[in-house]
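Notes to accompany the following structure.
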Amino acid sequence: MTDPLHNEFPADSLEAKDLRHVLHPTTNLKLHHATGPRIQTRAQGVYIWDNQGRQYLEGMAGLWCTALGYGEEELARVAAEQMRTLAYSQLFGGKSNEPSILLAEKLKAMMPFDAGRVFFGLSGSDANDTQVKLMWYYHNAIGKPERKKIISRQRGYHGVTVASGSLTGLPYFHAHFNLPIEGILHTDAPHYYRGAQPGESEAEYVKRLAANLEALIQREGPETIAAFIAEPVMGAGGVIVPPDGYFPAIQAVLDRYGIFLIDDEVICGFGRTGNPFGAQTLAMRPTTVSVAKALSSAYLPISAVVIPEFLYEPMIELSAKMGSFAHGFTYSGHPVCAAVALRTLEIFEERRIFEHVAAISPGFQARLRSYADHPLVGEVRGVGLIGAIELVQDKASRQPFPGKQGVGAYCAGRCEANGLIVRNLGDSLAFCPPLIITEDQVDELFTKFDKAINETLAWVRASA
Ligand SMILES: Cc1ncc(COP(=O)(O)O)c(C=O)c1O
Numbered sequence: 018m019t020d021p022l023h024n025e026f027p028a029d030s031l032e033a034k035d036l037r038h039v040l041h042p043t044t045n046l047k048l049h050h051a052t053g054p055r056i057q058t059r060a061q062g063v064y065i066w067d068n069q070g071r072q073y074l075e076g077m078a079g080l081w082c083t084a085l086g087y088g089e090e091e092l093a094r095v096a097a098e099q100m101r102t103l104a105y106s107q108l109f110g111g112k113s114n115e116p117s118i119l120l121a122e123k124l125k126a127m128m129p130f131d132a133g134r135v136f137f138g139l140s141g142s143d144a145n146d147t148q149v150k151l152m153w154y155y156h157n158a159i160g161k162p163e164r165k166k167i168i169s170r171q172r173g174y175h176g177v178t179v180a181s182g183s184l185t186g187l188p189y190f191h192a193h194f195n196l197p198i199e200g201i202l203h204t205d206a207p208h209y210y211r212g213a214q215p216g217e218s219e220a221e222y223v224k225r226l227a228a229n230l231e232a233l234i235q236r237e238g239p240e241t242i243a244a245f246i247a248e249p250v251m252g253a254g255g256v257i258v259p260p261d262g263y264f265p266a267i268q269a270v271l272d273r274y275g276i277f278l279i280d281d282e283v284i285c286g287f288g289r290t291g292n293p294f295g296a297q298t299l300a301m302r303p304t305t306v307s308v309a310k311a312l313s314s315a316y317l318p319i320s321a322v323v324i325p326e327f328l329y330e331p332m333i334e335l336s337a338k339m340g341s342f343a344h345g346f347t348y349s350g351h352p353v354c355a356a357v358a359l360r361t362l363e364i365f366e367e368r369r370i371f372e373h374v375a376a377i378s379p380g381f382q383a384r385l386r387s388y389a390d391h392p393l394v395g396e397v398r399g400v401g402l403i404g405a406i407e408l409v410q411d412k413a414s415r416q417p418f419p420g421k422q423g424v425g426a427y428c429a430g431r432c433e434a435n436g437l438i439v440r441n442l443g444d445s446l447a448f449c450p451p452l453i454i455t456e457d458q459v460d461e462l463f464t465k466f467d468k469a470i471n472e473t474l475a476w477v478r479a480s481a
């Protein structure tokens with residue numbers, strides 16, 4: 018079959034085959050048919066190459082995930098060794114394997130709360146689905162079946178499966194997919210720049226958001242709410258760093274009603290914000306935690322849900338009554354994924370990666386913030402080695418560009434043309450480089466970005 022929208026590539030090229038065979042996730046499919054794929058072929062350290070031989074600095078660590086960068090021999094060695102020794106084993110029915118056991122032990126020891134048990138999955142989405150199901154299962158187990166609702170936030174991103182996609186608070190992940198499902202509620206995103214009322218201080222804003230959350234809980238009935246889920250720093254929703262005091266204010270409301278806090282550390286976990294976990298940077302007190310992405314530095318798919326022992330205990334009796342705790346994946350505790358994750362966590366420690374992030378991120382943040390005065394920039398935000406630059410039509414009024422103009426996408430395109438991969442989330446350009454990035458590479462990143470943003474400014478002015 019020829020491609021109905023695009024036939025410029027030679028029929029036997031990878032580009033043409035991609036256009037014929039692949040359904041791309043999270044992609045404008047029509048635009049994709051017009052432009053074709055950008056095929057990546059190899060990578061080393063913080064650099065990645067495409068099939069035209071072009072080199073890019075990977076300013077997004079893939080999808081916020083390749084923490085140790087590319088070409089890490091240790092992880093390749095561990096994976097190959099584990100494949101030869103025990104390529105697959107399961108955790109169903111009480112079977113187990115050494116990498117999963119040791120990884121669970123190691124993860125618990127690293128957790129910023131009193132961790133009890135670790136459940137393994139393959140993705141951030143399935144981890145958050147598991148979180149929802151565990152909240153339901155636990156409340157059924159303790160005889161409180163009415164406590165089922167989960168509160169998430171607008172602009173939060175927690176995945177795309179039916180439950181995690183419902184937790185996600187971005188309209189285009191819901192529309193036409195029949196989401197969200199019943200029992201998932203959304204409260205405010207903590208974005209002062211966009212959400213504050215005229216004259217409202219940050220402290221007043223935080224107070225208002227906490228009051229809004231409390232009003233929602235009251236409206237729904239506190240006895241019906243199981244948990245509140247939050248990323249420490251929102252990632253895909255635009256890299257939103259909450260104002261000072263936000264999580265303590267939210268936590269006080271949750272505590273008043275005995276509502277659990279699910280901490281989605283899928284992006285923030287393992288050093289991204291300058292501490293081992295985002296919860297530590299943002300003063301969260303999690304009940305449970307989801308991790309994925311950097312857990313294996315993205316070398317293999319693996320996620321984990323970590324819960325306290327008190328949540329686990331009532332599940333024991335219920336599982337006995339039912340004959341099984343009937344939740345799990347074929348690849349829960351996959352030994353190769355677990356071995357790679359375990360080695361990743363060891364490398365974080367051996368090479369003092371979190372300390373490296375703490376040392377390098379002030380310079381990274383300073384470079385980011387130097388764009389605050391740029392004529393296209395409305396807001397610069399970030400913490401640790403994550404950040405965003407929001408482009409606006411009018412700095413003073415904060416007026417965004419019309420969505421159709423695609424200014425963020427244009428700027429991301431100019432970045433790529435200049436050898437830098439960033440991601441535009443609307444008109445916010447997101448930065449999330451591998452944690453191993455050096456000072457010189459941070460400099461290179463912003464030198465490339467500088468050209469791109471100024472080319473974008475010229476384009477905006479020319480098209481005005
Ligand atoms: C905070 C957060 N949670 C969950 C997910 C979903 O993870 P996955 O794409 O592995 O399903 C993501 C993905 O970007 C994420 O950023």
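The numbering of the sequence shown is this note's numbering, which starts it at 18 and goes up by one.
All C-beta atoms in this analysis are idealised placements derived from N, C-alpha and C, irrespective of residue type, glycine included.
Under 8 Å, do residue i and residue j count as touching if we go by C-beta distance?
i: A84; j: A78; result: yes
i: E461; j: L74; result: yes
i: A309; j: I279; result: no
i: Q107; j: G350; result: yes
i: I406; j: V394; result: yes
i: Q268; j: R225; result: no
i: V250; j: I257; result: yes
i: G401; j: L385; result: no
i: I453; j: I370; result: yes
i: G76; j: I438; result: yes
i: A311; j: A144; result: no
i: P259; j: P129; result: no
Within a Cβ cutoff of 7 Å, which residues of the same chain sit near residue i, ignoring the five residues on either side of it in sequence?
i: H49; result: H41
i: Q416; result: V409, Q410
i: P116; result: Q99, P352, A355, A356, L359
i: E163; result: E240, T241
i: D261; result: E219
i: E372; result: none
i: W476; result: Y427
Take residue i as the anchor and find which of the options has the nearest alpha-carbon.
i: F277; options: E199, Q148, Y189, A315; result: Q148
i: W153; options: F264, D29, H344; result: H344
i: Q422; options: M251, R478, A355, F26; result: R478
i: I104; options: V357, S387, P379; result: It is worth fixing the name first, because residue 104 is Ala in this sequence and not Ile. Considering only alpha carbons, the answer is V357.
i: R59; options: G53, E89, S30; result: E89
i: V306; options: F287, N45, S314, Y316; result: F287
i: L362; options: E91, D35, L196; result: E91
i: A253; options: R55, I284, E231; result: I284
i: I167; options: M128, A296, A227, A180; result: A180
i: G275; options: G110, G238, P293; result: G238
i: D467; options: A429, V63, G262, N157; result: A429
i: V397; options: Y209, N229, N471; result: Y209
i: P265; options: I246, A300, P392, G295; result: A300
i: A355; options: L124, A228, L474, D67; result: L124
i: P27; options: A158, I324, G53; result: G53
i: A413; options: Y427, D390, P419; result: D390
i: H175; options: N195, S140, F194, V95; result: S140
i: F418; options: F381, A192, L474, G70; result: L474
i: A126; options: P451, E366, Y329; result: E366
i: L271; options: A337, M128, A132, L233; result: L233
i: I246; options: A296, R55, Q214; result: A296
i: Y64; options: G86, L317, R273; result: G86
i: E334; options: A97, E231, I159, R101; result: I159
i: H193; options: V177, I201, L202; result: V177
i: R134; options: N435, C449, F327; result: F327
i: E227; options: R273, G62, P451; result: What sits at residue 227 in the sequence shown is Ala, not Glu. Comparing Cα-Cα distances from A227 to each of R273, G62, P451, the minimum goes to R273.
Ignore the nearest five residues each way along the sequence and tell me which others in residue i's own chain have a CB closer than 8 Å to its CB.
i: S445; result: G255, V256, A405, I406, E407, L408, G425
i: N229; result: T204, D205
i: N441; result: G425, A426, C428, A429, A447
i: I56; result: L31, E32, D35, D67, N68
i: D131; result: P325, E326
i: S113; result: S106, G350
i: E199; result: none
Using a Cβ-Cβ cut-off of 6 Å (strictly less than) and excluding sequence neighbours within five positions of residue i, which residues of its own chain qualify?
i: E472; result: R431
i: A375; result: G291
i: A96; result: V353, V357
i: Y222; result: Y209, A213
Exercise. Taking the runs of the alpha helix (DSSP H) that are 4 residues or longer, which of them lie wholly in the region 349 to 407?
Worked result: 352 to 367, 370 to 386
Problem set entry | Secondary structure, beta strand (DSSP E): runs of 3+ residues fully inside the region 112 to 173 | 134 to 138, 166 to 170
Exercise. What runs of the beta strand (DSSP E), each 3 residues or longer, lie entirely inside the region 168 to 250?
Worked result: 201 to 204, 242 to 247
Exercise. Where are the beta strand (DSSP E) runs, 3 residues long or more, that stay fully inside the region 30 to 115, in chain order?
Worked result: 57 to 61, 64 to 67, 72 to 75
Exercise. Which whole runs of the alpha helix (DSSP H) in the region 271 to 308 are 4 residues long or more, in chain order?
Worked result: 295 to 299
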